[in-house]
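A.B. asks: Here the sequence shown stands for residues 0 to 264, where the numbers follow numbering that gives the first Met the number 0. A virtual CB, placed ideally from N, CA and C, is assigned to each residue, including glycine. I have a structure here, written as structure tokens, and I will follow up with some questions on it.
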Amino acid sequence: MPVRKGAPTPLHLGTGALCAALLLTGCARTPDPAPASPTRAPRPPAASGPASPSAPASAAPGDARPVPASRIPGLGPATQARVPDGTSQALVVAGASADGNTATTVLYARNPAGRWERVAGPWASHNALKGWTHDHHAGDLRSPIGVFRLGDAGGRLPDPGARLPYDQDPGFAISGTGFLGEPLEGSFDHVIAIDYNRVPGRTPLDKERPLGQGKGGGVWIHVDHGGPTQACVSLDREDLRELLRALDPAREPVVVMGPGAELAR
Numbered sequence: 000m001p002v003r004k005g006a007p008t009p010l011h012l013g014t015g016a017l018c019a020a021l022l023l024t025g026c027a028r029t030p031d032p033a034p035a036s037p038t039r040a041p042r043p044p045a046a047s048g049p050a051s052p053s054a055p056a057s058a059a060p061g062d063a064r065p066v067p068a069s070r071i072p073g074l075g076p077a078t079q080a081r082v083p084d085g086t087s088q089a090l091v092v093a094g095a096s097a098d099g100n101t102a103t104t105v106l107y108a109r110n111p112a113g114r115w116e117r118v119a120g121p122w123a124s125h126n127a128l129k130g131w132t133h134d135h136h137a138g139d140l141r142s143p144i145g146v147f148r149l150g151d152a153g154g155r156l157p158d159p160g161a162r163l164p165y166d167q168d169p170g171f172a173i174s175g176t177g178f179l180g181e182p183l184e185g186s187f188d189h190v191i192a193i194d195y196n197r198v199p200g201r202t203p204l205d206k207e208r209p210l211g212q213g214k215g216g217g218v219w220i221h222v223d224h225g226g227p228t229q230a231c232v233s234l235d236r237e238d239l240r241e242l243l244r245a246l247d248p249a250r251e252p253v254v255v256m257g258p259g260a261e262l263a264r
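Below, the structure is given as structure tokens:
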């Protein structure tokens, strides 16, 4: 019997692009050819704590200009403008390149003074095999670029202490191999649903697609299996468990994801 707790999350924030057909057939699907071997990105050094307010981060790599206190580090004004005013937690997934499948993920929170500070990460992560897109269609092997709410979680294993509603269900079991021949088993032990083409407040396993099946769905943050995904973002198991415990629905968390250069605009 599934175990579910918590209240429905905020309404989905769409961007008109995104997602791949995952839900046990997307990130979980065994690929056809074995493409060129993208390798696991080296794990960034662990963060020692929140970024110091006295030393603001640059607006983009190599840019010496300080980030305004009201802007999330790494985001440019156009991207920041898409973050809802009521949001005070943001997970930033910055891809290495537009066509790459490795990224760096950091959780930021806005303090009472209005400054965004790093509270967890940086974490090495994977995204889709072929990189990123503004106009996702099911099966294109690209991850979404955009800002999306995070409101529902679940997994095959018990709740590790999430504040988001968590659905434990055997339906999260997965088998087969990924693009590099790596085993997929355990990839859905814990997942966080990204609110694209889904009904918020339901289990990540829900298959209703308000925009139609052709626009994909079932795009999650899930346990990393050591290779690129169909469309999802993947994190090492302990990093994902830490994220699950940190996300607070009262802070209206979102994920901001795409190539780093794109997010800096």
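What is the DSSP secondary structure of V151, reduced to helix, strand or coil?
C.D. replies: For the record, residue 151 in the displayed sequence is Asp; it is not Val. Correct three-state label for D151: strand.
A.B. asks: Per DSSP, which residues does G257 bridge with? Please list them.
C.D. replies: BP columns for G257 point to A93.
A.B. asks: Roughly how many whole angstroms lie between the Cα atoms of E251 and L242?
C.D. replies: Roughly 14 Å separates the two Cα atoms.
A.B. asks: Does the segment 151 to 164 come close enough to the segment 182 to 198 to have 3 or more Cβ pairs within less than 8 Å?
C.D. replies: Taking 8 Å as the limit for Cβ pairs, the verdict is that the segment 182 to 198 does touch the segment 151 to 164.
A.B. asks: In the DSSP assignment, the beta strand (DSSP E) including T104 goes from what residue to what residue?
C.D. replies: Looking at the DSSP string, the run of the beta strand (DSSP E) that includes T104 is 101 to 109.
A.B. asks: Could you tell me if D98 is buried or exposed, where buried requires 16 or more neighbouring beta carbons within 10 angstroms of its beta carbon?
C.D. replies: The residue in question, D98, is exposed, as its Cβ has fewer than 16 Cβ neighbours within 10 Å.
A.B. asks: Starting from the C-beta of T104, find all residues in its chain whose C-beta is less than 6 Å away, skip the five residues before and the five after it, and write them out in chain order.
C.D. replies: Within the same chain, T104 has close Cβ partners V92, G120, W122, S124.
A.B. asks: Excluding the five sequence neighbours on either side, which residues of its own chain have a C-beta within less than 7 Å of the C-beta of P169, listed in chain order?
C.D. replies: Closer than 7 Å at the Cβ level, and outside the excluded window around P169, lie R155.
A.B. asks: According to the Cβ coordinates, are L149 and G226 closer than 7 Å?
C.D. replies: In this structure, G226 does not lie closer than 7 Å to L149 by Cβ.
A.B. asks: Per DSSP, which one or two residues make a beta bridge with T132?
C.D. replies: Paired residues: P143.
A.B. asks: Would you give the residue range spanned by the alpha helix (DSSP H) that R117 belongs to?
C.D. replies: Careful: R117 lies outside any alpha helix (DSSP H), inside the beta strand (DSSP E) at 115 to 125.
A.B. asks: In whole angstroms, give me the CA-to-CA distance for I71 and E184.
C.D. replies: I71 and E184: Cα-Cα distance of roughly 35 Å.
A.B. asks: Let me make sure I understand the geometry here. Which of W131, L210, D84 has the alpha-carbon closest to that of R109?
C.D. replies: The option with the nearest alpha carbon to R109 is D84.
A.B. asks: How big is the Cα-Cα spacing for P203 and N196?
C.D. replies: About 11 Å.
A.B. asks: Taking only three categories from DSSP, how would you classify G216?
C.D. replies: Three-state DSSP puts G216 in a strand.
A.B. asks: Classify S174: buried if its beta carbon has 16 or more other beta carbons within 10 angstroms, exposed otherwise.
C.D. replies: So S174 counts as exposed.
A.B. asks: Under the three-state reduction of DSSP, which class applies to D223: helix, strand or coil?
C.D. replies: DSSP places D223 in coil when its eight states are reduced to three.
A.B. asks: Would DSSP call T228 helix, strand or coil?
C.D. replies: Residue state, collapsed to three classes: strand.
A.B. asks: Please state if the CB of L234 and the CB of D223 are separated by a distance shorter than 7 Å.
C.D. replies: Yes; because the gap between Cβ atoms is below 7 Å, this pair is in contact.
A.B. asks: Excluding the 5 residues flanking G177 on each side, which residues of the same chain have their C-beta closer than 6 Å to its C-beta?
C.D. replies: So the list reads L183, H224, G226, once near-sequence residues are dropped.
A.B. asks: Could you give the distance in angstroms between the alpha-carbon of M256 and the alpha-carbon of A80?
C.D. replies: Straight-line Cα distance between these residues: approximately 14 Å.
A.B. asks: Report all residues from its chain with a CB closer than 6 Å to the CB of L74; omit the five preceding and five following residues, and keep chain order.
C.D. replies: Contacts found: L262.
A.B. asks: Would Q229 be called buried (16 or more neighbouring beta carbons within 10 Å of its own) or exposed?
C.D. replies: Under this definition Q229 is a buried residue.
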